[in-house]
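Chemist: Under my numbering, the first residue of the sequence shown carries the number 1215, and numbering increases by one thereafter.
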Amino acid sequence: MIENTKLYIVLILFYIIAGVVGLTVFEINWVHVSFAWLFYAIGNGTIGHRYFAHKSFDVAAPVHWLLGVWCTLCAYSPLHYWQVQHLHHHRNTDTEKDLHSPRNGLLRAFIFWPLSTKRIEEVFRERNSLVVLARAFKDPSVKFLSSYFFIINVAALLIIAYFDYTVIFSVLGIAYIIEQARLGVVNTITHIPNLPANYSNHETAGEDRSQNNWLLGFITLGFAWHNNHHANPKKLILTEKWWEIDIEGYVGWLLSLTSKVK
């Protein structure tokens, strides 16, 4: 990995601590928090996941860089990490190799797996991961933004603090915790069969236990139509039943329209 894993963890912990401080000390404007969470959710779900990891849609070249910056500022992971780790998850879904399968620990799948630095580094040394990494770094935006992931995020925080440091605690930190919870429930709930509200549209191969969840599907902006996603990982819009609304996918479709602009 280009980015120091420990610095990546420091950033995650900073945002989580900032959110806890914000919830306990500051007056919260939940409208502002909601917009910040949408920034994180689209940045992770549509951009990091569907665009950079799965390449489910194309955009114009300038937009490609903007999306890279957007995803980077979500402070969830560097762009190359999204590609290497997430595709590793799809190759090893719900096996002992899967970093965030609930079969290997519920709390680990929900929140603690990014702290498993030794295991993450093992993933990056696997042959398939090295192939994905080499392919990822052929993209100048991925290489640059991944290389300076920590510096870019610290610079952004310093700029925000210069104008109003309270925003970091009362808005961004809280929105970050909500987004971590959104990703955590998808990693856990949608990989445990027979839970209330879970269902499958597709049979999956191997040990893959991915499920859709009709309640979380709406709350997570479409991310929890997870069985649909695992059945066809490159599919942009995951709607299969008419009521499976997929906000993440619809945003991706809108962004894809820029690829047609000359």
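The beta carbon of each residue, even a glycine, is placed where N, CA and C say it ideally should be.
Every value quoted in this text rests on a predicted model; they were computed, and no experiment measured them.
For Ser1414, which residues in the same chain have their Cβ closer than 7 Å to its Cβ, ignoring the five residues on either side in sequence?
Modeler: As a first step, residue 1414 is located in the sequence shown; it is residue number 200 there, counting from the start. Hits under 7 Å: Gln1425, Asn1426 and Asn1441.
Chemist: Would you kindly check if the distance between the Cβ of Ile1382 and the Cβ of Ala1289 is under 9 Å?
Modeler: Position 75 of the sequence shown, counted from the start, is the residue given in the question as residue 1289. Position 168 of the sequence shown, counted from the start, is the residue given in the question as residue 1382. No, they are not a contact pair.
Chemist: Measure the C-alpha to C-alpha separation of Leu1293 and Leu1301 and round it to an integer number of angstroms.
Modeler: Here residue 1293 is taken as the residue at index 79 of the sequence shown, counted from 1. Here residue 1301 is taken as the residue at index 87 of the sequence shown, counted from 1. Their Cα atoms are separated by approximately 12 Å.
Chemist: With distance defined between alpha-carbon atoms, name the residue in Thr1238, Tyr1222, Trp1251 and Phe1240 nearest to Gln1394.
Modeler: As a first step, residue 1394 is located in the sequence shown; it is residue number 180 there, counting from the start. That would be Trp1251, whose Cα lies nearest to the Cα of Gln1394.
Chemist: What does Asn1427 pair with, by DSSP beta-bridge criteria?
Modeler: Residue numbering aside, residue 1427 sits at position 213 when the sequence shown is read from its first letter. For Asn1427, which the question treats as bridged, DSSP gives the partners Asn1412.
Chemist: If I follow the unbroken alpha helix (DSSP H) through Gly1387, where does it start and stop?
Modeler: As a first step, residue 1387 is located in the sequence shown; it is residue number 173 there, counting from the start. Here the alpha helix (DSSP H) through Gly1387 covers Gly1387 to Ile1403.
Chemist: Could you tell me how far apart the beta carbons of Val1247 and Ala1389 are, in whole angstroms, since I believe they sit closer than 8 Å?
Modeler: Translated into positions along the sequence shown, residue 1247 becomes position 33. Translated into positions along the sequence shown, residue 1389 becomes position 175. So it is a contact: roughly 5 Å between Cβ atoms.
Chemist: Who pairs with Trp1439 in a beta bridge, going by DSSP?
Modeler: One-based indexing of the sequence shown puts residue 1439 at position 225. According to DSSP, Trp1439 bridges with Asn1426.
Chemist: Tell me which residues share the same chain as Ala1274 and place their Cβ nearer than 7 Å to its Cβ, disregarding the 5 neighbours each side in the sequence.
Modeler: Reading the sequence shown from its first residue, position 60 is the one you call residue 1274. Within the same chain, Ala1274 has close Cβ partners Thr1472, Ser1473 and Val1475.
Chemist: From the DSSP output, in three-state form, read off Tyr1464 for me.
Modeler: Here residue 1464 corresponds to residue number 250 of the sequence shown, with the count starting at 1. In this structure, Tyr1464 counts as helix in the three-state DSSP scheme.
Chemist: Locate the alpha helix (DSSP H) running through Tyr1254, then write down its first and last residues.
Modeler: In the sequence shown, residue 1254 corresponds to position 40, counting from 1. Tyr1254 -> alpha helix (DSSP H) spans Trp1244 to Ala1255.
Chemist: Span of the alpha helix (DSSP H) holding Cys1285?
Modeler: Residue mapping note: residue 1285 aligns to position 71 of the sequence shown, counting from 1. First-last of the alpha helix (DSSP H) with Cys1285: Ala1275 to Leu1287.
Chemist: DSSP state of Glu1336, grouped into three classes?
Modeler: Locating residue 1336 in the sequence shown gives position 122, counting from the first residue. DSSP places Glu1336 in helix when its eight states are reduced to three.
Chemist: In whole angstroms, give me the CA-to-CA distance for Asn1367 and Leu1287.
Modeler: Counted from its first residue, the sequence shown places residue 1367 at position 153. Counted from its first residue, the sequence shown places residue 1287 at position 73. Distance between the alpha carbons of Asn1367 and Leu1287: 6 Å.
Chemist: Would you mind listing the alpha helix (DSSP H) stretches within the region 1303-1355 that are 4+ residues and don't spill past its ends, in chain order?
Modeler: Counting only runs of 4 or more, we get 1331-1339 and 1341-1350.
Chemist: Sort Leu1397, Leu1435, Lys1455 and Val1400 by Cα distance to His1416 and report the nearest one.
Modeler: Within the sequence shown, the letter at position 202 stands for residue 1416. The option with the nearest alpha carbon to His1416 is Lys1455.
Chemist: Label Ala1438 either buried or exposed according to how many other C-beta atoms from any shown protein chain fall within 10 Å of its C-beta, with 16 as the threshold for buried.
Modeler: One-based indexing of the sequence shown puts residue 1438 at position 224. It is buried - the Cβ of Ala1438 has at least 16 other Cβ atoms within 10 Å.
Chemist: Can you tell me whether Leu1468 is buried or exposed? The criterion is at least 16 other CB atoms within 10 Å of its CB, across all chains shown.
Modeler: Along the sequence shown, read from residue 1 onward, the residue named residue 1468 stands at position 254. Classification of Leu1468: exposed, given that the 10 Å Cβ count is below 16.
Chemist: Can you tell me which of Trp1457, Ala1323, Ala1255 and Gly1420 puts its alpha carbon nearest to the alpha carbon of Thr1404?
Modeler: Walking along the sequence shown from the start, residue 1404 turns up at place 190. Residue Ala1323 is the option with its Cα nearest to Thr1404.
Chemist: Check whether the region 1305-1320 touches the region 1261-1275, counting contact only when three or more Cβ pairs, one atom from each stretch, lie closer than 8 Å.
Modeler: Segments in contact, no.
Chemist: Excluding sequence positions up to five away, which residues of its chain have a Cβ less than 8 Å from the Cβ of Ile1230?
Modeler: Indexing the sequence shown from 1 puts residue 1230 at position 16. Excluding positions up to five away in sequence, the list reads Gly1387, Tyr1390, Ile1391 and Gln1394.
Chemist: Classify Asn1408: buried if its beta carbon has 16 or more other beta carbons within 10 angstroms, exposed otherwise.
Modeler: What you label residue 1408 is simply residue 194 of the sequence shown in a count that begins at 1. Per the 10 Å Cβ criterion, exposed.
Chemist: Taking the C-alpha atoms as reference points, what is the distance between Ser1360 and Leu1281?
Modeler: In the sequence shown, counting from the first residue as 1, residue 1360 sits at position 146. In the sequence shown, counting from the first residue as 1, residue 1281 sits at position 67. Cα to Cα, Ser1360 sits roughly 13 Å from Leu1281.
Chemist: Going straight from the alpha carbon of Val1224 to that of Tyr1379, what length do you get?
Modeler: By 1-based counting over the sequence shown, the position of residue 1224 is 10. By 1-based counting over the sequence shown, the position of residue 1379 is 165. Approximately 19 Å, taken between the alpha carbons.
Chemist: Leaving aside the five residues before and after Thr1307 along the sequence, list all residues of the same chain whose C-beta is less than 6 Å from its C-beta, in chain order.
Modeler: Looking up residue 1307 in the sequence shown gives position 93. Excluding positions up to five away in sequence, the list reads Asp1422.
Chemist: Beta carbon of Leu1430, beta carbon of Val1465: below 9 Å?
Modeler: Here the question's residue 1430 lines up with position 216 in the sequence shown. Here the question's residue 1465 lines up with position 251 in the sequence shown. No, these two residues do not count as a Cβ contact at 9 Å.
Chemist: Helix, strand or coil: which one does DSSP assign to Ile1226?
Modeler: Working through the sequence shown from its first residue, we reach residue 1226 at position 12. Helix, per DSSP.
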